[in-house]
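Remarks on the structure that follows.
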Amino acid sequence: GKWKLSPAYDVIYSHNPAGQWTNQHQMSLNGKRDNFSLEDLIAVAESISLNRTDKVINEVFAAVERWPEFARQAGVNEKTIKDISSNHRLGMVM
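Positions in the sequence shown are counted from 1; adding 55 to them yields the working numbering.
What follows is the structure in structure tokens.
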């Protein structure tokens, strides 16, 4: 068992509601592919013995909230920024 970085497809946004393979999340979270909750994030954190779970979750949510800012800096067009933002689930923050 040696750790290595994941291929980029694990981190690239690829949601397409009309797509056969991209109409839902491709990776599961706590056994789910949709309708995630804060409790699911916490359960996964506990399963990997993550310390300071609330701090880590809040830091990630804070970064995701800044998505429009980062996207504009990278030259992403406004429609794409809005489309991607509409799929962020920021309502479950601690």
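Even glycine gets a Cβ: it sits at the ideal position worked out from N, Cα and C. Bear in mind that the values here come from a model prediction, so they are computed numbers and not experimental data.
| Query | Result |
| --- | --- |
| Could you name the residues of the same chain whose beta carbon sits closer than 7 Å to that of K87, not counting the 5 residues immediately before and after it, in chain order? | D95 |
| Please report the straight-line C-alpha distance between N78 and A100, rounded to a whole angstrom. | 26 Å |
| Which residue's Cα is closest to the Cα of S141: I97, V111, K59 and P72? | P72 |
| To the nearest angstrom, report how far apart G56 and I103 are at their CA atoms. | 16 Å |
| Assuming the contact rule is C-beta atoms closer than 8 Å, L145 and F116 should be a hit. Round their C-beta distance to whole Å, please. | 6 Å |
| Which first and last residues belong to the alpha helix (DSSP H) in which W122 is found? | W122 to Q128 |
| Considering Cα atoms alone, identify which of I136, E133 and D109 is closest to L93. | D109 |
| Entirely within the stretch 66-149 and at least 4 residues each: give me those alpha helix (DSSP H) ranges in chain order. | 93-102, 108-120, 122-128 and 133-140 |
| Can the beta-carbon of Y68 be found closer than 9 Å to that of I112? | no |
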